[in-house]
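Residue numbers (numbering that gives the first Met the number 0), protein chains in the order written: chain A, 0 to 256; chain B, 0 to 256. Using N, Cα and C, we set each Cβ at its ideal position, and we do this for glycine too. Contents: one structure, followed by commentary.
There are 2 protein chains.
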Amino acid sequence: MATEKTASPKGMTSSSSSLHESVRAEISKRIENGFYKPGDAIASTAQMSEELGVSAITVKRAVRDLQSAGVLESVPGKGTFVKEKRRFIRELDVWMSSMDNARRLGFEPRMELVSITKERIADPTLALFGPPDNVYLCVRKIIYADGQPIMYDAAYVPTSVPDEIVDEFGEHFIVTALNRHDVAVKDMSLVIDAAPASSGAQKIFAIPNTYPMLRRLYHISTETPGIDVFGVVESPFDRLACSINLSKEAISRMEKK
Amino acid sequence: MATEKTASPKGMTSSSSSLHESVRAEISKRIENGFYKPGDAIASTAQMSEELGVSAITVKRAVRDLQSAGVLESVPGKGTFVKEKRRFIRELDVWMSSMDNARRLGFEPRMELVSITKERIADPTLALFGPPDNVYLCVRKIIYADGQPIMYDAAYVPTSVPDEIVDEFGEHFIVTALNRHDVAVKDMSLVIDAAPASSGAQKIFAIPNTYPMLRRLYHISTETPGIDVFGVVESPFDRLACSINLSKEAISRMEKK
DNA sequence: GAGTGGTCTAGACCACCCT
DNA sequence: GGGTGGTCTAGACCACTCC
């Protein structure tokens with residue numbers, strides 16, 4: 000079958016080797032051109048299949064890859080839409096909470112407590128910080144900016160932390176809540192990486208497949224013996240970036256070497 | 000067709016809704032169990048298709064998702080293999096070059112100059128730093144750790160930089176080369192995010208589809224007027240992470256607020 | 001009911017690798 | 001030649017939404 004074999008079906012630039020790549024490029028081009036604007040629905044699979052002269056499955060393949068790339072979003076029964084691209088930048092150097100950070104950038108932040116449970120640290124990547132193998136209070140929360148979920152935070156705090164402080168975890172960031180009760184933060188280690196979404200994050204952010212999230216692993220140590228906090232923050236990579244400024248002082252350390 | 004409809008074909012845990020997710024989970028389970036070890040070839044599509052009682056396409060779908068997740072790697076004509084998981088951690092706080100950083104962590108680093116061309120800054124994300132719209136020298140290089148490519152660096156340096164310094168870009172990091180010629184670095188801004196691989200990075204790292212890379216955008220400003228460097232480093236997210244330590248001094252700034 | 005995307009299948013062709 | 005993965009197709013069913 001497949002009798003006619005046109006090199007480049009219906010006016011697509013056949014720059015790529017495979018057909019689904021060409022289709023993907025065509026859709027991307029239309030978005031860049033402004034033919035499809037953010038929020039718009041693109042042509043349906045059936046339409047585009049006929050229009051470009053390729054099979055419906057090939058169109059679906061291209062669309063799925065663009066979903067993964069954070070460009071498109073499909074709603075079953077409705078259509079496939081061009082995602083709004085607005086990205087939140089978390090400034091790590093200014094050292095303020097994400098909430099303050101958001102406000103400064105003109106976002107309307109909101110925090111939602113998901114659960115407080117007693118758990119051991121499950122995430123093997125947190126082993127990087129060498130946390131004691133205890134049972135912790137695991138505080139999970141979602142941070143929104145302008146209604147969009149941008150972070151999913153799982154913090155492991157020692158069970159020895161008094162209830163007055165725990166009660167504030169729903170409204171405040173961990174560090175803020177600790178500070179308000181005179182538990183001074185001594186030091187904070189961060190590891191930034193990307194990894195497939197946890198099951199919790201998959202539900203919250205509606206991640207289509209095992210797609211990587213931008214992740215911040217943290218270890219907060221305090222002046223109070225026995226109070227160390229470990230945690231993971233996951234964010235969709237198209238909605239968050241981190242910024243840092245390394246000042247002259249830090250650089251001078253290098254020059255001395 | 001598809002007459003028999005077993006809920007959970009051939010002893011897979013049907014924890015997921017869709018079939019390809021179950022297949023994916025099954026493969027992941029076998030890797031966790033140690034049934035498939037790093038470097039091993041997994042069962043071929045045809046074998047697994049029969050073994051699990053699902054169509055070959057569904058197996059391929061599951062394998063493709065695991066490729067994207069950085070778990071599997073397929074070599075056409077040979078088979079599909081479990082990737083070795085060894086990750087390089089770039090310490091940003093210590094403020095040393097990636098080469099020194101690598102040696103300290105027991106990696107054997109190597110740098111390979113790809114090209115030095117005259118270009119304007121193409122990457123729109125670098126606009127974040129507000130670079131002047133000039134023609135720059137674009138220095139592209141690959142950094143390897145133990146033979147594995149872990150970074151793809153594209154640096155834009157002003158054309159006014161003397162040739163003696165440019166000649167050293169092939170062997171040294173930008174900052175190191177500048178320092179060696181008394182161009183002192185004043186300040187460095189970093190943005191860490193994840194984004195689909197550039198075309199160059201796709202080739203170097205053999206990225207299957209438009210899969211996101213961990214990215215570091217940088218802006219280096221120097222004491223010498225007119226010498227500012229902008230750049231992008233891309234890394235496969237399963238091969239690199241960044242670490243930072245925020246010391247007590249940085250935190251004290253917050254407490255004062 | 002008509003249209004949408006999501007899933008699954010069977011079958012085919014190709015390029016590649018190994019023996 | 002026989003195996004592998006990669007691609008493409010046609011056709012089907014489902015759940016969903018909107019009219």
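Rounded to whole angstroms, what is the Cα-Cα separation between residue 120 of chain A and residue 126 of chain A? Looking at the backbone, the Cα of residue 120 of chain A and that of residue 126 of chain A are separated by about 8 Å.
Contact under 7 Å by Cβ, residue 216 of chain A with residue 236 of chain A: No; because the gap between Cβ atoms is not below 7 Å, this pair is not in contact.
As a quick exercise: from B:229, B:147 and B:167, pick the residue whose alpha carbon is nearest that of residue 156 of chain B. Closest option to residue 156 of chain B, Cα to Cα, is B:229.
Is residue 236 of chain B close to chain A, meaning its C-beta is less than 7 Å from at least one C-beta of that chain? Chain A, which has a Cβ nearer than 7 Å to the Cβ of residue 236 of chain B, makes this yes.
For my contact list, residue 243 of chain A and residue 189 of chain B are in at a C-beta cut-off of 8 Å; report their separation, rounded to the angstrom. Cβ-Cβ separation between residue 243 of chain A and residue 189 of chain B: approximately 5 Å, consistent with a contact (criterion under 8 Å).
Using DSSP's beta-bridge definition, name the partner residues of residue 87 of chain B. By DSSP's assignment, residue 87 of chain B forms a beta bridge with B:239.
Since residue 239 of chain B and residue 150 of chain B should fall inside the 8 Å C-beta cutoff, what is the C-beta to C-beta distance between them, to a whole number of angstroms? That belief holds up - the Cβ atoms of residue 239 of chain B and residue 150 of chain B are roughly 7 Å apart, short of 8 Å.
Three-state secondary structure (DSSP) at residue 18 of chain A? The answer is helix: DSSP assigns residue 18 of chain A an H, G or I state.
Between the segment 135 to 150 of chain B and the segment 99 to 109 of chain B, do at least 3 Cβ pairs fall closer than 8 Å? Note that the segment 135 to 150 of chain B touches the segment 99 to 109 of chain B; at least 3 beta-carbon pairs, one per stretch, sit closer than 8 Å.
Please report how far the alpha carbon of residue 52 of chain B lies from the alpha carbon of residue 23 of chain B, in whole angstroms. Here the alpha carbons of residue 23 of chain B and residue 52 of chain B stand approximately 14 Å from one another.
Which value, in whole angstroms, describes the spacing of the CA atoms of residue 42 of chain A and residue 167 of chain A? Distance between the alpha carbons of residue 42 of chain A and residue 167 of chain A is about 48 Å.
Residue 229 of chain A by DSSP, collapsed to three states: which one? In this structure, residue 229 of chain A counts as strand in the three-state DSSP scheme.
For the segment 27 to 82 of chain B, list the beta strand (DSSP E) runs that are entirely contained and at least 3 residues long, ordered along the chain. List check, beta strand (DSSP E) in window: 71 to 74 and 78 to 81.
If I follow the unbroken beta strand (DSSP E) through residue 116 of chain A, where does it start and stop? Here the beta strand (DSSP E) through residue 116 of chain A covers 108 to 118.
So is residue 18 of chain B buried or exposed if we call it buried at 16+ other beta carbons inside 10 Å? By the neighbour-count rule (16 or more Cβ atoms within 10 Å), residue 18 of chain B is buried.
C-alpha distance - residue 87 of chain B paired with residue 204 of chain B, whole-angstrom precision: Taking the straight line from one Cα to the other gives about 15 Å.
Span separating the alpha-carbon of residue 115 of chain B from that of residue 152 of chain B: If you take the alpha carbons of residue 115 of chain B and residue 152 of chain B, they lie about 12 Å apart.
In three-state DSSP terms, what is residue 100 of chain B? Note: residue 100 of chain B maps to helix in three-state DSSP.
Is residue 149 of chain A helix, strand or coil when you go by DSSP? Correct three-state label for residue 149 of chain A: strand.
Mind listing the chain A neighbours of residue 190 of chain B? Cutoff is C-beta to C-beta under 9 Å, in chain order. Within 9 Å Cβ-Cβ: 88, 240, 241, 242 and 243.
Just verifying my parser: in three-state terms, what is the DSSP assignment at residue 186 of chain A? Three-state result, residue 186 of chain A: strand.
Look at the alpha carbon of residue 158 of chain A and the alpha carbon of residue 171 of chain A, and state the distance between them as a whole number of angstroms. Straight-line Cα distance between these residues: approximately 18 Å.
Against chain A, does residue 213 of chain B count as a neighbour if the rule is that its beta carbon must be under 7 Å from one of theirs? The beta carbon of residue 213 of chain B falls within 7 Å of a beta carbon belonging to chain A, placing the residue at that interface.
Whose C-alpha, out of B:185, B:194, B:137 and B:105, is nearest the C-alpha of residue 89 of chain B? Each of B:185, B:194, B:137 and B:105 was checked against the Cα of residue 89 of chain B, and the nearest Cα belongs to B:105.
Taking 6 Å as the cut-off, is the beta-carbon of residue 192 of chain B closer than that to any non-hydrogen atom of the ligand ATP? Absence of the ligand ATP from the depicted structure is noted, as is the absence of any ligand whatsoever, leaving it without description.
Quick check on residue 17 of chain A - is its C-beta less than 7 Å from some C-beta in chain B? Judged by the 7 Å Cβ criterion, residue 17 of chain A is not in contact with chain B.
Unbroken beta strand (DSSP E) run spanning residue 205 of chain B, endpoints: In the DSSP assignment, residue 205 of chain B falls outside any beta strand (DSSP E) and carries neither an H nor an E.
If the cut is a Cβ gap below 9 Å, which residues of chain B does residue 121 of chain A touch? By Cβ distance, chain B contributes nothing, its closest Cβ being about 14 Å from residue 121 of chain A, past 9 Å.
Pairwise C-alpha distance: residue 60 of chain A and residue 60 of chain B: Their backbone Cα atoms lie some 10 Å apart in a straight line.
To the nearest angstrom, how far is it from the Cα of residue 57 of chain A to the Cα of residue 48 of chain A? Cα to Cα, the separation comes out at about 8 Å.
DSSP state of residue 160 of chain A mapped onto helix, strand, coil: Secondary structure of residue 160 of chain A (DSSP, three-state): coil.
Would you tell me roughly how many angstroms separate the C-alpha atoms of residue 29 of chain B and residue 40 of chain B, rounded to the nearest one? Straight-line Cα distance between these residues: approximately 12 Å.
Under a CB-based cut-off of 7 Å, is residue 193 of chain B close to chain A? For residue 193 of chain B, the nearest CB of chain A lies under 7 Å from its own CB, placing it at the interface with that chain.
Among A:36, A:224, A:198 and A:184, which has the Cα closest to the Cα of residue 20 of chain B? In this structure, A:198 is the residue among A:36, A:224, A:198 and A:184 with its C-alpha nearest to the C-alpha of residue 20 of chain B.
Taking the C-alpha atoms as reference points, what is the distance between residue 68 of chain B and residue 70 of chain A? Their backbone Cα atoms lie some 18 Å apart in a straight line.
Does residue 219 of chain B pass the burial test, meaning 16 or more other C-beta atoms within 10 Å, or should it be called exposed? Residue 219 of chain B is classed as buried because its beta carbon has at least 16 other beta carbons within 10 Å across all chains shown.
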